[in-house]
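Colleague: Chains as they are written, first to last, in the working numbering: chain A, 1 to 404; chain B, 1001 to 1404.
Ideal Cβ placement from N, Cα and C applies to all residues, glycine included.
Number of protein chains: 2
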Amino acid sequence: MNTCGLIVEYNPFHNGHAYHIQQAKKKSNADCMIAVMSGSFLQRGEPAVIDKFHRAKAAISSGVDIVVELPFVFAVQSSDLFSKGAVLTLHELGVDSICFGSESGNINNFIQGYSDFINQQPVYQDALKKALNEGLAFPEASRKAYQSIGLTTEDMDLSQPNNILGFSYVKTILENQLPIQPLTIKRKSSNYHDSEITGNIASATSIRKQLFEHQARLSDLTHTMPSATITALMEYEEKAQALHHWESYFPLLHFRVITMSLEQLSHIHGMEEGIEYRIKKTAKEAKSFHDWVERIKTKRYTWTRIQRIFVHLLTNTTKCEIQTLTSQSSVPYVRLLGISQKGQDYLNTRKKKMEVPIYSKLSRDVHPMLEIEERASNTYYSILSFANRYTLQKQEFMGPVLLK
Amino acid sequence: MNTCGLIVEYNPFHNGHAYHIQQAKKKSNADCMIAVMSGSFLQRGEPAVIDKFHRAKAAISSGVDIVVELPFVFAVQSSDLFSKGAVLTLHELGVDSICFGSESGNINNFIQGYSDFINQQPVYQDALKKALNEGLAFPEASRKAYQSIGLTTEDMDLSQPNNILGFSYVKTILENQLPIQPLTIKRKSSNYHDSEITGNIASATSIRKQLFEHQARLSDLTHTMPSATITALMEYEEKAQALHHWESYFPLLHFRVITMSLEQLSHIHGMEEGIEYRIKKTAKEAKSFHDWVERIKTKRYTWTRIQRIFVHLLTNTTKCEIQTLTSQSSVPYVRLLGISQKGQDYLNTRKKKMEVPIYSKLSRDVHPMLEIEERASNTYYSILSFANRYTLQKQEFMGPVLLK
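1) As an exercise, report each continuous beta strand (DSSP E) stretch of at least 3 residues that is fully enclosed by the region 1304-1357 of chain B, in chain order.
2) Do you know offhand how far Thr448 of chain A's Cα is from Ile279 of chain A's?
3) Report, in whole angstroms, the separation of the C-beta atoms of Val1123 of chain B and Ser1148 of chain B, which I expect to be a contact under 8 Å.
4) Spell out the partners DSSP gives Met1260 of chain B in its beta bridges.
5) Do you know how far the Cα of Gly94 of chain A is from the Cα of Arg355 of chain A?
6) With 8 Å as the threshold, decide whether the Cβ of Leu1252 of chain B is near any Cβ in chain A.
7) Could you tell me which of A:Asn29, A:Tyr10, A:Ile372, A:Gln23 sits nearest to Thr3 of chain A, measuring between CA atoms?
8) Are any of the Cβ atoms in chain B nearer than 8 Å to that of Thr315 of chain A?
9) Does the Cβ-Cβ distance between Ala58 of chain A and Phe13 of chain A come in under 8 Å?
10) Under 8 Å Cβ-Cβ, which residues of chain B neighbour Arg375 of chain A?
11) Could you tell me the distance, in whole angstroms, from the CA atom of Phe255 of chain A to the CA atom of Thr379 of chain A?
12) At least one CB of chain B closer than 8 Å to the CB of Leu378 of chain A: is that the case?
13) Using a Cβ-Cβ cutoff of less than 6 Å, which residues in the same chain neighbour Ile60 of chain A once the five nearest sequence positions on both sides are dropped?
14) For chain A, is any of its Cβ atoms less than 8 Å away from the one on Ser1382 of chain B?
15) Work out the CA separation of Thr1349 of chain B and Ala1008 of chain B for me, nearest whole Å.
16) Looking at the C-beta of Lys287 of chain A, does it have a partner C-beta in chain B at a distance below 8 Å?
17) Do the CB positions of Ala240 of chain A and Leu392 of chain A come within less than 8 Å of each other?
18) What is the residue span of the beta strand (DSSP E) that Val67 of chain A lies within?
19) Taking DSSP as the reference, what is the three-state secondary structure of Pro1012 of chain B?
20) Buried or exposed: where does Ala1387 of chain B fall if 16 or more other Cβ atoms within 10 Å of its Cβ makes it buried?
21) Is any beta-carbon of chain A found at less than 8 Å from that of Phe1041 of chain B?
22) Per DSSP, Met1037 of chain B is paired with what?
23) Among residues of its own chain, excluding the 5 on either side of Ile111 of chain A, which ones have a beta-carbon nearer than 8 Å to its beta-carbon?
24) Determine the contact status of Thr318 of chain A and His267 of chain A, defining contact as a CB-CB distance below 8 Å.
25) Name the DSSP beta bridge partners of Pro1181 of chain B, please?
26) Around the C-beta of Tyr277 of chain A, are 16 or more other C-beta atoms found within 10 angstroms, so that it is buried, or is it exposed?
27) Taking only three categories from DSSP, how would you classify Tyr301 of chain A?
28) Rounded to whole angstroms, what is the Cα-Cα separation between Tyr301 of chain A and Asn200 of chain A?
29) State the DSSP-derived secondary structure class of Glu80 of chain A, mapped to helix, strand or coil.
30) Apply the 10 Å Cβ neighbour rule to Glu321 of chain A and answer buried if 16 or more other Cβ atoms are within range, or exposed otherwise.
31) Does the contact criterion of 3 or more C-beta pairs under 8 Å hold for the region 1113-1127 of chain B versus the region 1136-1151 of chain B?
32) Do you know how far the Cα of Pro357 of chain A is from the Cα of Ser97 of chain A?
33) Who are the Cβ neighbours of Thr224 of chain A in its own chain at under 7 Å, not counting the five residues just before and after it?
34) Could you compute how far the alpha carbon of Asn1162 of chain B sits from the alpha carbon of Met260 of chain A?
35) Please work out which residues of its chain come closer than 7 Å, Cβ to Cβ, to Phe1250 of chain B, disregarding the five sequence neighbours upstream and downstream, and give them in chain order.
36) Look at the Cβ atom of Phe1041 of chain B, then the Cβ atom of Ala1075 of chain B, and state whether they are nearer than 8 Å.
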């Protein structure tokens, strides 16, 4: 079977994602589509709107055959570690290609870009160092560094978030010499950060904004998402009596910070350059999550970077844990979240060749990475009432969503 | 001026406390009454119903001249450390006597009891060890040990909570050869643990029970408390929009436990003999605070012991912190919570002779013990909404309640 890998968050799964699957299928000529998806918390340092199982279910209903989890230790990270975890996971599953969305839709630009990047390392590194010394945040500094080696042109514009992620995937594949063909398709309208909904392709950001800031009902958003997503969102909301967003976690996060010493804070992953002093100091006056991040934000500390630190604070994830668990050159296991009949057929043949175990449900004392996974999902559910939390936590031990 | 010290919690201040002050004043012949009072969290491991400033105000209105804080590191402890902190604080303030309530009301029984206790140490220690090895909880084991040296007779019954505390005060005074005269008055009806209200002397336990379990209104309890207490309770409830009890802290406590490793839990003060495994294991099924303690409770782990561990977990207080801060032979400062005009007059003359500073408001970077104090009070207020929390936290930096 020809298999194509996708790297996704589906927060939530919308028409743009469905389009991406269709196009990727066409481009890769694959029979079986495999997605590696962030779990409870997402790359930009946010809780997912609904849990991973309901998101996986929506994806399986819309054409993905296998959904596996991007481990938490890789998921809430900047593009390099995020890509490493995602690409290595897809590699364990033996994908023939990985297809991602980009602005240009031309894979040669990425491959050429990678070669330019390697050949001009000293120039890039110098420019990066200089920009960081000027006090710029990493994304802005690296944009300047890419500019210095000609990677911010229209063909290959590494100032665009989706291009940066795509470039990281290509880089991971080429650096590790993996037998995976990188593919890209041109993105259709709606930028990553767009918050307006126009037509039936809306960004996930705009859908979340409608839900949380404009109190839109799910039934008002049916033109932007497949019905399977609407069903999944409604099902989850019924079980949890909530959709998840940062503000609900504010009391817990605040409580954690006021009861931790500066020294304890400094061990949390992402806590660099004394940002813990700023977090501690602003805690006293923070009225809400949004207000708190606004108070911490500086030129160097972007909103996303602060949110990621907050996810690691909330889940009590230390530098030491992340370093130990992400430094290997392979992932220690693959965890199944959802699967179709075709996905099962593929996995039955693939299993024998796999070098790491496939877990279809959480079980204890298996691997430190799974322990953190459990901690992250317990944290994710901790804003719910006892009965709802208890029901949803049980999912973790019940195995993947199965669609025939 | 002749001064008499009282060791109190006033949770909340009731008619029995007013009676105690009157009687103590008579017995000691004192002009000035000084109370050392637990702050946000109490000896039995519970949050105080209202904050320390409003409790101090009620006490000053009812005849106490100076209320100082028993530091958190001494307050949530079994009788020995609790007594040490309380007696040493009163000693810094130069009290001539300390007067406590007891079942017999005869101080000679306590002094004779201490002498018996010292003279029969080997017998006591053997009996204690034996009882602990049988798996008994400490209170029960020490009751057996006291029995072995004749200290559970009607005259001197160390199976009664109030007698145990009184005995600890006498022990601290005599062991440290402090120039303080121990005095005791006979308690009037209502035992410490009594939960029924009969007549106008009710235990604080019964008043809290009426408030939280029977949803009594404050106005229904006016016969058990002076009007100043009712006013203080109402004032605080208006500011905080809450009265405090353990159930409100359950989500925070639960969140803390699920995000801490067993190793991190083992550093928390009070975590002994692997109880952290039991706490972690039961967290999954705990429906409420009450339900959780019930699940953890064993013959050896009493309700009170578990509650104390939970206070230290909630406030993130480590074994190392408690050990460092409670091992000195004096307290590092005295912190004023409330004072009358007479109290001020006394303090003006006393100040020159004091060996440690008096703090009338919280200020930063003064002493590690005060840092923990701030953490404890921040934790105490963390269940409130931002605006109410912010207002109440400000009190800590505003100085004591002053009544002319």
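Modeller: Taking the coordinates as given:
1) Listed in chain order, they are 1334-1340.
2) Lying outside 1 to 404, the shown extent of chain A, residue 448 of chain A is not represented and no answer is given.
3) On the second sequence, residue 1123 of chain B is found 123 positions in, with the first residue counted as 1. On the second sequence, residue 1148 of chain B is found 148 positions in, with the first residue counted as 1. Going by Cβ atoms, the distance from Val1123 of chain B to Ser1148 of chain B rounds to 6 Å, so yes, they are a contact pair.
4) The residue labelled residue 1260 of chain B in the question sits at position 260 within the second sequence. Beta-bridge pairing links Met1260 of chain B to no other residue.
5) Locating residue 355 of chain A in the first sequence gives position 355, where the first residue counts as 1. Locating residue 94 of chain A in the first sequence gives position 94, where the first residue counts as 1. The sequence shown places Glu at residue 355 of chain A, not Arg. Near 11 Å, if we compare the C-alpha coordinates of Gly94 of chain A and Glu355 of chain A.
6) Taking the second sequence and counting its residues from 1, the one referred to as residue 1252 of chain B is at position 252. Closer than 8 Å: yes.
7) As a first step, residue 3 of chain A must be located in the first sequence, where it is residue number 3. That would be A:Asn29, whose Cα lies nearest to the Cα of Thr3 of chain A.
8) Sequence index remark: in the first sequence, residue 315 of chain A carries index 315 (1-based). Chain B, which has a Cβ nearer than 8 Å to the Cβ of Thr315 of chain A, makes this yes.
9) If you number the first sequence from 1, residue 58 of chain A lands on position 58. If you number the first sequence from 1, residue 13 of chain A lands on position 13. A contact, by the Cβ cut-off of 8 Å.
10) To locate residue 375 of chain A, count along the first sequence from 1; it is residue 375. What Arg375 of chain A touches in chain B: Ile1258, Thr1259.
11) Against the first sequence, residue 255 of chain A aligns to sequence position 255. Against the first sequence, residue 379 of chain A aligns to sequence position 379. Using only the alpha carbons, I get a separation of about 14 Å.
12) Position 378 of the first sequence, counted from the start, is the residue given in the question as residue 378 of chain A. Contrary to the premise, residue 378 of chain A reads as Asn rather than Leu in this sequence. Answer yes: the Cβ-Cβ gap between Asn378 of chain A and chain B drops below 8 Å somewhere.
13) Translated into the one-based positions of the first sequence, residue 60 of chain A becomes position 60. Here the set comprises Gly338, Ser340, Leu403.
14) In the second sequence, residue 1382 of chain B corresponds to position 382, counting from 1. With 8 Å as the cut-off, Ser1382 of chain B counts as an interface residue toward chain A.
15) In the second sequence, residue 1008 of chain B corresponds to position 8, counting from 1. In the second sequence, residue 1349 of chain B corresponds to position 349, counting from 1. According to the sequence provided, residue 1008 of chain B is Val. The question's Ala does not apply to it. In this structure, the CA atom of Val1008 of chain B is about 24 Å from the CA atom of Thr1349 of chain B.
16) To locate residue 287 of chain A, count along the first sequence from 1; it is residue 287. For Lys287 of chain A, the answer is yes, since a Cβ of chain B falls inside 8 Å of its Cβ.
17) As a working mapping, residue 240 of chain A is identified with position 240 in the first sequence. As a working mapping, residue 392 of chain A is identified with position 392 in the first sequence. In this structure, Leu392 of chain A lies closer than 8 Å to Ala240 of chain A by Cβ.
18) Residue numbering aside, residue 67 of chain A sits at position 67 when the first sequence is read from its first letter. Run containing Val67 of chain A: 66-70, per the beta strand (DSSP E) assignment.
19) Here the question's residue 1012 of chain B lines up with position 12 in the second sequence. Correct three-state label for Pro1012 of chain B: coil.
20) For the purposes of this step, residue 1387 of chain B is taken as residue 387 along the second sequence, with counting starting at 1. Counting Cβ neighbours within 10 Å, Ala1387 of chain B comes out exposed, since fewer than 16 surround it.
21) Your numbering for residue 1041 of chain B matches position 41 in the second sequence. For Phe1041 of chain B, the answer is no, since every Cβ of chain A falls outside 8 Å of its Cβ.
22) Taking the second sequence and counting its residues from 1, one reaches residue 1037 of chain B at position 37. Beta-bridge partners of Met1037 of chain B (DSSP): B:Val1008, B:Glu1069.
23) Taking the first residue of the first sequence as 1, we reach residue 111 of chain A at position 111. Within the same chain, Ile111 of chain A has close Cβ partners Val170, Leu174, Pro182.
24) Locating residue 318 of chain A in the first sequence gives position 318, where the first residue counts as 1. Locating residue 267 of chain A in the first sequence gives position 267, where the first residue counts as 1. Closer than 8 Å, so yes.
25) The residue given as residue 1181 of chain B occupies position 181 in the second sequence. Going by the sequence as given, residue 1181 of chain B is Gln instead of Pro. The partner list for Gln1181 of chain B (beta bridge, DSSP) reads B:Ser1097.
26) Position 277 of the first sequence, counting from 1, holds the residue named residue 277 of chain A. So Tyr277 of chain A counts as exposed.
27) On the first sequence, residue 301 of chain A is found 301 positions in, with the first residue counted as 1. In the structure shown, Tyr301 of chain A sits in coil (DSSP, three-state: anything other than H, G, I, E or B).
28) Position 301 of the first sequence, counting from 1, holds the residue named residue 301 of chain A. Position 200 of the first sequence, counting from 1, holds the residue named residue 200 of chain A. Going by C-alpha positions, Tyr301 of chain A is about 34 Å away from Asn200 of chain A.
29) Stepping through the first sequence from its first residue, residue 80 of chain A is reached at position 80. The question names Glu, but residue 80 of chain A in the sequence shown is Asp. In the structure shown, Asp80 of chain A falls within a helical segment according to DSSP collapsed to helix, strand and coil.
30) By 1-based counting over the first sequence, the position of residue 321 of chain A is 321. Result: buried.
31) At 8 Å Cβ cutoff, the stretches touch.
32) As a first step, residue 97 of chain A is located in the first sequence; it is residue number 97 there, counting from the start. As a first step, residue 357 of chain A is located in the first sequence; it is residue number 357 there, counting from the start. So the two alpha carbons sit approximately 22 Å from each other.
33) Here the question's residue 224 of chain A lines up with position 224 in the first sequence. Close CB contacts of Thr224 of chain A within its chain, under the 7 Å cut and outside five residues either way in sequence, are with His14, Asn15, Ile197, Asn200, Ala202, Ile207 (chain order).
34) On the second sequence, residue 1162 of chain B is found 162 positions in, with the first residue counted as 1. On the first sequence, residue 260 of chain A is found 260 positions in, with the first residue counted as 1. About 35 Å.
35) In the second sequence, counting from the first residue as 1, residue 1250 of chain B sits at position 250. Taken in chain order, the residues that qualify are Ser1288, Phe1289.
36) Reading the second sequence from its first residue, position 41 is the one you call residue 1041 of chain B. Reading the second sequence from its first residue, position 75 is the one you call residue 1075 of chain B. Closer than 8 Å, so yes.
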